[in-house]
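Asker: Be aware that the sequence shown starts at 246, since it is given in our numbering, and climbs by one per residue.
By construction, the Cβ of each residue, glycine as well, lies at the ideal position given by its N, Cα and C atoms.
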Amino acid sequence: MTDDSSVLTLKYSFGFGTANSLAARLDDGSWLVVSPAVNLPDSCFTTLLKQGPVSALVVPNAFHHLGQRQWRAKFSNAVSYAPENALNRLAKKAASIAFEPLANLRPKIGGRFELVVPLGMKAADALVKIGTPTGNVWFVGDLISNTVPDDVSFLPRLLFGLLGGGLGYRFNPVPAMIYLKDKPTWQADVRARLQAAPPTVIVPAHGLPITADAAELTQKILT
C-alpha cells in the first residue's frame, strides 16, 4: 500500500460480502489494525508479527467487530478500541471483548494519525488518517465504497441496487440509513477534512482502494 510498507491492507470475506482490514505501523514500531479481518489463517498473523507486535485493534463502527476475538487471542497485549457511541451495541454483540473509547487511543498514536467521527452522524463510523512519507492514507468506513461484483453476493447486491446503492466508487446510501442523521453536514465535514489533509490513497471499508486521483475523485462523490 505504501512504499515503506508502513500501511498494509487485506481484503477478507465475512459471509455475503468482503471488507477491508488496514494495518498501520505506529511510531513505536507496533501495529494499529482497523477493522481486523475474521477467519484469517495463522500465516497472516505470523507474517505481520515478524514486522512488529499489534498494540491497537480499532473497530470504526458497531458492526466491524467479527475479527476481534481471533486477533485478541493472537495478540494478548493488544487493546480494542471503538467510537464511544458504538460501545453499548458492542457490549451486546461482542460481549467477550472489552472495548475502550477511541479517545483513549488518540494520545498514544502521534500526530501522523487522526481518528475522526464526522459531524452529522447518529451512529459513528470513524475515519482514520495515516500520514506517510508519500502522502496521506485515509480509511473511510462504510459510507464510501468502491465495490466490484465479487465483493457482494448476488441477492444483497440486487437489494442494494433497489435502495440506490451500486458498484464502483460512490457515496453509499444504504449504510447512510443507519449512520447519518444529517447528510449535508456529514458531507461538508468530510470534504473539509480531506481538503485539509488530501488523500493519496483512499481505503473504503468495502471494495477496492483508490490509489490514483484519490483526492479529486473523493471530493466529486461527496458533492
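What is the DSSP secondary structure of S266, counted as helix, strand or coil?
Answerer: In the structure shown, S266 sits in a strand (DSSP, three-state: E or B).
Asker: I need the straight-line Cα distance from K426 to M366, nearest angstrom please.
Answerer: Looking at the two C-alpha atoms, the distance is approximately 5 Å.
Asker: I'd like to check one pair, S300 with L332: are the Cβ atoms closer than 8 Å?
Answerer: No, these two residues do not count as a Cβ contact at 8 Å.
Asker: Counting C-beta neighbours from all protein chains within 10 Å, is the total for V393 16 or more, i.e. buried, or is it exposed?
Answerer: V393 comes out exposed.
Asker: Could you tell me the boundaries of the alpha helix (DSSP H) in which I466 lies?
Answerer: Unbroken alpha helix (DSSP H) run through I466: A459 to I466.
Asker: In three-state DSSP terms, what is P305?
Answerer: P305 falls in the coil class under three-state DSSP.
Asker: Per DSSP, what kind of secondary structure is S325 in: helix, strand or coil?
Answerer: Here S325 sits in strand by DSSP.
Asker: Rounded C-beta distance between D434 and P352? I'm assuming under 8 Å.
Answerer: With 8 Å as the limit, D434 and P352 do not qualify as a contact, their Cβ atoms being about 23 Å apart.
Asker: By alpha-carbon positions, which one of Q313, S250, P328 and E329 ends up nearest to N322?
Answerer: Checking every option, the nearest Cα to that of N322 belongs to Q313.
Asker: So, are the CB atoms of T254 and P454 less than 8 Å apart?
Answerer: Contact: yes.
Asker: Give the single residue among A318, H310, G376 and V373 whose Cα lies nearest to the Cα of F344.
Answerer: The option with the nearest alpha carbon to F344 is H310.
Asker: With 16 as the cutoff for other CB atoms within 10 Å, does D396 come out buried or exposed?
Answerer: Buried, because 16 or more other Cβ atoms sit within 10 Å of the Cβ of D396.
Asker: Taking all protein chains shown into account, do 16 or more other C-beta atoms lie within 10 angstroms of the C-beta of D248, making it buried, or fewer, making it exposed?
Answerer: It counts as exposed.
Asker: Please look up how many angstroms separate the CB atoms of S533 and P298, rounded, as I've assumed it's under 8 Å.
Answerer: This structure leaves residue 533 out entirely; the chain is present only between 246 and 468.
Asker: For P305 and L360, I'd like the C-alpha separation in whole angstroms.
Answerer: Taking the straight line joining both Cα atoms gives about 9 Å.
Asker: For K338, report the span of its alpha helix (DSSP H) as first-last.
Answerer: Residues L332 to K338.
Asker: Do you know how far the Cα of A421 is from the Cα of G243?
Answerer: In this structure the chain extends from 246 to 468, so residue 243 is not present and cannot be described.
Asker: Give me the Cα-Cα distance between A282 and V448, rounded to the nearest whole angstrom.
Answerer: Those two C-alpha atoms are separated by around 14 Å.
Asker: Based on the DSSP secondary-structure assignment, which residues constitute the bridge partners of V362?
Answerer: Its beta-bridge partners do not exist; DSSP assigns none.
Asker: On the criterion of 16 or more Cβ atoms from any shown chain inside 10 Å, does F261 qualify as buried, or is it exposed?
Answerer: When all chains shown are included, F261 counts as exposed.
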